[in-house]
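Single-structure report; data block below.
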Amino acid sequence: MFDPKAFIEEAVSEIDIGEETAIIGLSGGVDSSVAAALVHRAVGEHLVAVFVNHGFMRKGEEEEVVRTFRDDLGMNLRVVHAQDRFFEALKGVTDPEEKRKIVGEVFIRVFEEVAREEGAAYLVQGTIAPDWIESDGGIKSHHNVAGLPSGMTLKLIEPLRDLYKDEVRKVARELGLPESISERMPFPGPGLAVRVIGELSPEKVEIVREANAIFEEELKKAGLKPWQALAALLGEKTVGVKGDIRDYGYTIAIRAVESVDAMTATAMEIPWDVLKTVQKRITREIPEVTRVMYDITDKPPATIEFE
Ligand code: XMP
Numbered sequence: 002m003f004d005p006k007a008f009i010e011e012a013v014s015e016i017d018i019g020e021e022t023a024i025i026g027l028s029g030g031v032d033s034s035v036a037a038a039l040v041h042r043a044v045g046e047h048l049v050a051v052f053v054n055h056g057f058m059r060k061g062e063e064e065e066v067v068r069t070f071r072d073d074l075g076m077n078l079r080v081v082h083a084q085d086r087f088f089e090a091l092k093g094v095t096d097p098e099e100k101r102k103i104v105g106e107v108f109i110r111v112f113e114e115v116a117r118e119e120g121a122a123y124l125v126q127g128t129i130a131p132d133w134i135e136s137d138g139g140i141k142s143h144h145n146v147a148g149l150p151s152g153m154t155l156k157l158i159e160p161l162r163d164l165y166k167d168e169v170r171k172v173a174r175e176l177g178l179p180e181s182i183s184e185r186m187p188f189p190g191p192g193l194a195v196r197v198i199g200e201l202s203p204e205k206v207e208i209v210r211e212a213n214a215i216f217e218e219e220l221k222k223a224g225l226k227p228w229q230a231l232a233a234l235l236g237e238k239t240v241g242v243k244g245d246i247r248d249y250g251y252t253i254a255i256r257a258v259e260s261v262d263a264m265t266a267t268a269m270e271i272p273w274d275v276l277k278t279v280q281k282r283i284t285r286e287i288p289e290v291t292r293v294m295y296d297i298t299d300k301p302p303a304t305i306e307f308e
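Residue numbering for the sequence shown follows the working numbering, starting at 2 and increasing by one per position.
Right, here's the structure in full:
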């Protein structure tokens, strides 16, 4: 039986960086949050956590990270607003793999600049067991395994390397992290950039951000806890009608799945009244949207994310 308390004690006692500085990219997701909180316990001010806002975060995510890590935990947190840089690099790009590659590359460049400024000697990562098992086995390349800057001289600290997701959540609870983090749904590294099909625009990203927030809120109200839920904006506008007037609007697809490891997933049977409420709220609160669809496809053949 996994004992989170014993794990924390041992992990903290093993981390020793002397008077050097360690740096971590903190996304607000459960893995990087736990890795950061753990290393902070061991080295305090010697850890610099960096939150890079690439512009594709969920609603309120930056505020929440600042509140939790800077205000509550007293961590040395640097917030980097790099939205313009990411948008500039993604102009005209429609291919999903190309989008991912660009987001990854700009992220590494931004992060390297901060690491250099801070004079960091150590890099902390929230890598967990499935990340390196899947990457080593060639199933898929995870960003924190495949995305390391080449020629990197930073020494790696990966305190969660042998843990699985449910164990990481136990450690999060034991560390006293808020439920919004310990029970947080998975979210892709490139964020909302992969939930807009086709070329990105600030307008489309804003629409999809709002739609994701509404869907998550209504699921919470209904007491539903899917393994993952998301909203994606599909391509171009289609015909709709609002207030007796013909209108062109975007289509939002919503998706909720049940899964244990994201390798396979089943579309969740959400009660019709919950779906209707989500549809009404999305089309009322986001005037640019005229159509909402619920995705009933399992994985395989569909992936969880749209892209
Ligand atoms: P797919 O869409 O391939 O996704 O079925 C499986 C799970 O992985 C998440 N995902 C990512 N997680 N970095 C991550 O940390 C990424 O680049 C990334 N892309 C997809 C996805 O949200 C789902 O939970």
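C-beta atoms are modelled at their ideal positions from N, C-alpha and C, and glycine is treated no differently.
Worksheet entry | Contact between the stretch 227-236 and the stretch 197-205 (3+ Cβ pairs under 8 angstroms) | yes
Practice prompt. Give a single yes or no on whether Glu306 has its beta carbon closer than 7 angstroms to a heavy atom of the ligand XMP.
Written response: yes
Worksheet item: Span of the alpha helix (DSSP H) holding Leu124?
Response: Note, Leu124: premise wrong, no alpha helix (DSSP H); beta strand (DSSP E) at 123-125.
Worksheet item: Under the rule that 16 or more other beta-carbon atoms within 10 Å means buried, what is Asp274, buried or exposed?
Response: exposed
Worksheet item: So, Ile16 versus Val44, is the Cβ gap smaller than 8 angstroms?
Response: yes
Worksheet item: So, Lys92 versus Arg210, is the Cβ gap smaller than 8 angstroms?
Response: no
Worksheet entry | N-terminal and C-terminal residue of the alpha helix (DSSP H) that Asp85 is part of | 84-90
Worksheet entry | C-alpha distance - Ala223 paired with Arg256, whole-angstrom precision | 16 angstroms
Discussion item. Let me confirm a value: Thr291 is counted as buried when at least 16 other C-beta atoms fall within 10 Å, else exposed. Which label applies?
Written reply: buried
Worksheet entry | Glu184 beta carbon less than 8 angstroms from that of Arg170 | yes
Practice prompt. Write down the C-beta distance between Leu124 and Ile24 rounded to the nearest angstrom, noting that I regard them as a contact closer than 8 angstroms.
Written response: 6 angstroms
Item to complete: Kindly identify the DSSP beta-bridge partner or partners of Thr252.
Response: Leu235, Arg292
Worksheet item: Taking the alpha-carbon positions, what's the Asp167 to Ile208 distance?
Response: 32 angstroms
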